[in-house]
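Take the sequence shown: its position 110, counted from the start at 1, is 114 in my numbering, and no numbers get skipped. Where is the CB? At the ideal position from N, CA and C, for every residue including glycine. Keep in mind the model is a prediction, meaning the values are calculated, not measured. To start, the structure itself, in structure tokens.
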Amino acid sequence: MSELDDRSIGGLARGLSRWFAAEARDLAWRRTRDPYAIWVSEIMLQQTRVETVERYWPRFLARFPDVASLAAADEDAVLEQWSGLGYYRRARLLHQGAKHVHGALGGELPRSVSGLRAIPGIGRYTAGAIASIAFDEQAALVDGNVARVHSRLAALVDPKAQDAKHEGHWRFVERVLERGSPRVLAQALMELGATVCTPRSPNCGGCPVSRGCRARAEGVQAAIPAVRIKKPAAELHYFAVGVRSGDRLLMERRGDTGLLAGVWCLPLVARDPRRTVEAQRDEVAAGIGGLLGVKVSLGEGELGVVKHVFSHRVWHVVVWEGRLARRVKIAGRRDGLRLGWSVGGVMPEGGVPTLTRKLLAALPATTP
Ligand code: SF4
């Protein structure tokens, strides 16, 4: 299938510009030209719904209004603001990026894609988004929405050509951005994919560029992109133990890598799903007791099983309650783990992911 010709690209750019001016959603981050604020929005929007980001973005900017304030913050404070958004690695990289911009670049985000890509956590897409949206530079950006729109406009039926990493999409966007305001056209392409040319049931009747769409002309829009057979998510099994001491509840900060890196959870112990829960009771009690150097007794029976779905993993977590034989003092690291107390329902400073809130809700008389 050949590339779209210059005439089609020109018509597309005109149609998109007009449509975006009239129909674009009024999203808070579209009312600013502050590159830092746009950077934050682009990181949040990765893997996260617009409706969720609408709640988090203003709060995050109220707490960290500029690069300097984010760079000066503790990682715990950053993760706390990110709590519930998921993919905590994004927050940590954003924080590292802000430190880099503050320390090495005088607090100013560069305008060029190459300059932006030298910042930790900023990849090809995010660099293109910041350069085009904040600085109106001709910097291409391709996400899943843009790749789908282009695949349909050009009737790309080969699944390999539909992938967002395919260079053909980047060339297409470059050609579109040359024909008007990159700020407007880049956002319009993404908006079209998000609201009109959606993955299922594209609204071709309400599409501003339907006249130039090859997929529509050929009646193949529903077949693009090709359906992918997803690998089933890996299922993992854990015990979580709510260890109480008076009104205190033991929390464990997860390690620096992997899912939930650096955020607070109940202490977790891997579970062997081939063995019964009861058969593993003593090992779990000993494992948690070993963390603290004091005997832990588990309550009668489990409190429930919490299922949590990550993008490529499903966790099944059996929740148990435990009690300490005596009070213990916890400060800082023990055995490579970082432990702390939630006191009267108030969590230690840092991120608290959704899974943790679900586990706390499974414990009796606990305020998440
Ligand atoms: Fe997508 Fe339909 Fe518009 Fe083509 S006409 S770009 S398939 S919404």
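query	result
Can you give the Cα-Cα distance for ASP251 and ALA238, rounded to whole angstroms?	36 Å
Is it buried or exposed for ASN149, if we count other Cβ within 10 angstroms and need 16 for buried?	buried
Under 7 Å from any heavy atom of the ligand SF4, does the C-beta of SER214 make it?	yes
Specify, as a first and last residue, the run of the alpha helix (DSSP H) that ARG18 falls within.	10-27
Since PRO271 and ALA244 are thought to touch, with beta carbons under 8 Å apart, how far apart are those beta carbons, to the nearest angstrom?	7 Å
Assess, as a yes-or-no matter, whether the stretch 271-287 is touched by the stretch 303-322 under the definition of 3 or more beta carbon pairs within less than 8 Å.	yes
For ARG317, which three-state DSSP category applies?	strand
Would SER87 and GLY348 be called neighbours here (beta carbons separated by less than 8 Å)?	no
Who are the Cβ neighbours of GLY15 in its own chain at under 8 Å, not counting the five residues just before and after it?	VAL213, ARG215 and GLY216
Quick one: which unbroken alpha helix (DSSP H) runs of 4-plus residues sit fully inside the stretch 165-189? Chain order, please.	171-181
I'd like to know whether the C-beta atoms of ILE134 and TRP268 end up nearer to each other than 8 Å.	no
For TRP324 versus LEU302, is the C-beta spacing smaller than 8 Å?	yes
Look up CYS211 in the DSSP assignment and say whether it is helix, strand or coil.	coil
Cα separation between THR371 and ARG248?	Note on THR371: pLDDT 41, under 50, position unreliable in the model; the coordinate value appears next. When rounded, the distance between both Cα atoms is 13 Å.
Grouping DSSP H, G and I as helix and E and B as strand, with all else coil, what is MET255?	strand
Spell out a yes or no on whether the stretch 99-118 and the stretch 155-172 are touching, meaning 3 or more CB-CB pairs, one atom from each, closer than 8 Å.	no
Can you tell me the Cβ-Cβ gap for VAL200 and GLY184, rounded? I've got them flagged as a contact below 8 Å.	In fact, because the Cβ distance is near 19 Å, the residues do not count as touching under 8 Å.
Tell me the rounded alpha-carbon separation between ALA143 and PRO124.	19 Å
Specify, as a first and last residue, the run of the alpha helix (DSSP H) that GLU287 falls within.	285-296
Which value, in whole angstroms, describes the spacing of the CA atoms of GLN191 and PHE176?	15 Å
Who does TYR242 pair with in a DSSP beta bridge?	ALA274 and VAL321
Closest to GLU304 by C-alpha separation, out of ARG327, HIS312 and GLY291, would be which residue?	ARG327
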